[in-house]
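Just so it is clear: in the sequence shown, position 183 is 182 by numbering that gives the first Met the number 0, and no numbers are missing.
The beta carbon of each residue, even a glycine, is placed where N, CA and C say it ideally should be.
Contents: one structure, followed by commentary.
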Amino acid sequence: MYFIANWKMYGDLKSLKSLDKVIKFANYHKRKKIMIIYCPPYTLLHSFQNKIKKTKIFLGAQNCHAELSDGPFTGSISPKMLKRIGSKYVIIGHSENRFEGETDLQINKKIKSCIKCGLNVIFCIGETHSQKKKKITSQILKNQITTGLKKIKFSNKIIIAYEPVWSIGTGLIPKLYELDKNVNFIKKVLKKNLKIKNPKVLYGGSVNPKNVKNLRSIAGIDGFLVGGASQKANNFIDIVKKTII
Ligand code: 13P
C-alpha cells in the first residue's frame with residue numbers, strides 16, 4: 000500500500016519536525032508492505048532528503064518541467080534536477096495544475112521525460128463535479144489516461160492517482176459503490192488499452208483518519224494520496240495505521 004503525502008504549497012523548515020514521528024513509525028513497521036512518500040514543496044526537497052535519506056521514507060516532488068534536462072526555463076525545475084536532489088517520485092497532472100492551464104499534451108511530455116530520467120510518476124486523473132453530473136466520468140477518465148500516457152511504454156514506474164476534483168479539499172468523498180466502479184474502470188482501461196499487467200491505482204480527495212477505513216474497503220485501491228491530513232504527523236500515521244492494521 001502506498002501512502003503519499005502531498006504538502007502542496009504549505010510548509011517551512013519548522014514543519015520538518017513533524018517527520019520525526021513518521022520516521023519512527025516507518026522504522027517500527029519496516030517489515031510491513033507500506034511505501035511512505037513525502038512530496039513537499041520544492042523549497043523543502045533538499046532538507047527533506049537530508050532528513051529521510053537513511054529511513055524507509057521516500058522523496059517526491061509535486062510537479063516538474065516537461066524538458067528532461069537543464070535549459071532556459073525561468074522558474075522551472077527539470078526532472079533531472081529532481082533526480083539529482085534525491086527525488087524518486089513526482090506527481091504529474093494534479094488537478095490544481097490542470098486548473099492553472101496544464102494540458103494533456105504537456106502532461107504526456109512531462110511523464111515521458113520523467114520516465115526517461117528514471118523517476119516514478121504519480122499520474123493524477125479525475126472528473127470535475129459538472130462532468131460527474133453529466134455522467135461522463137468514465138469517458139473523462141479514459142481520455143485522461145489514454146492522452147496522458149500516449150506513446151509511453153508503461154512500466155511499473157507509473158502509479159495512477161484517482162482524485163475526483165470535487166472531492167479535493169471539500170471533505171466530500173465518493174459513494175463507495177461509485178469509487179469501486181471508477182477504480183475498476185481505470186484498471187480495466189490500463190489493462191485492456193495499455194496492456195498493463197498489474198496496474199496500481201491510488202485514491203485521493205479528502206482522505207482522513209475517519210473515512211480511511213471505509214475507503215480501504217474498496218479492494219482495488221492500492222493506497223492513498225493525501226493532502227491536508229498529511230501535514231500533521233498524527234493524522235498521517237493514523238491513516239496508515241487504520242489501513243494496514
Ligand atoms: P486533500 O486530501 O486535502 O483533499 O487533497 C487531496 C489532494 O489533492 C492530494 O493530491
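| Check | Outcome |
| --- | --- |
| Let me make sure I understand the geometry here. Which of Arg-30, Leu-193, Leu-15, Asn-207 has the alpha-carbon closest to that of Ser-166? | Asn-207 |
| Mind checking whether the beta-carbon of Ala-232 lies closer than 8 Å to any heavy atom of the ligand 13P? | no |
| To which residues of the same chain is Ile-151 closer than 8 Å at the C-beta, ignoring the five residues directly before and after it? | Asn-107, Ile-110, Lys-111, Ile-114, Ile-157 |
| With a threshold of 8 Å on Cβ separation, who are the neighbours of Phe-57 within its own chain once the five nearest residues in sequence on each side are excluded? | Met-34, Ile-35, Ile-36, Tyr-37, Ile-51, Lys-87, Tyr-88 |
| Of all the options Gly-226, Phe-98, Pro-163, Cys-116, which has the alpha carbon lying nearest to the alpha carbon of Gln-130? | Pro-163 |
| Quick one: what does DSSP say Val-206 is sitting in, helix, strand or coil? | coil |
| Determine the extent of the alpha helix (DSSP H) in which Phe-184 is found, giving its start and end residues. | 175-191 |
| Could you check how far apart the C-beta atoms of Gly-147 and Phe-122 are, in whole angstroms? I think they sit under 8 Å. | 6 Å |
| Could you give the DSSP three-state label for Ala-232: helix, strand or coil? | helix |
| So what's Leu-201 in DSSP terms, helix, strand or just coil? | strand |
| From Asn-183 to Leu-44, what does the alpha carbon distance come to, in whole angstroms? | 34 Å |
| Would you give the residue range spanned by the beta strand (DSSP E) that Ala-266 belongs to? | The structure shown does not extend to residue 266, since the chain spans only 0 to 244, so no value can be given for it. |
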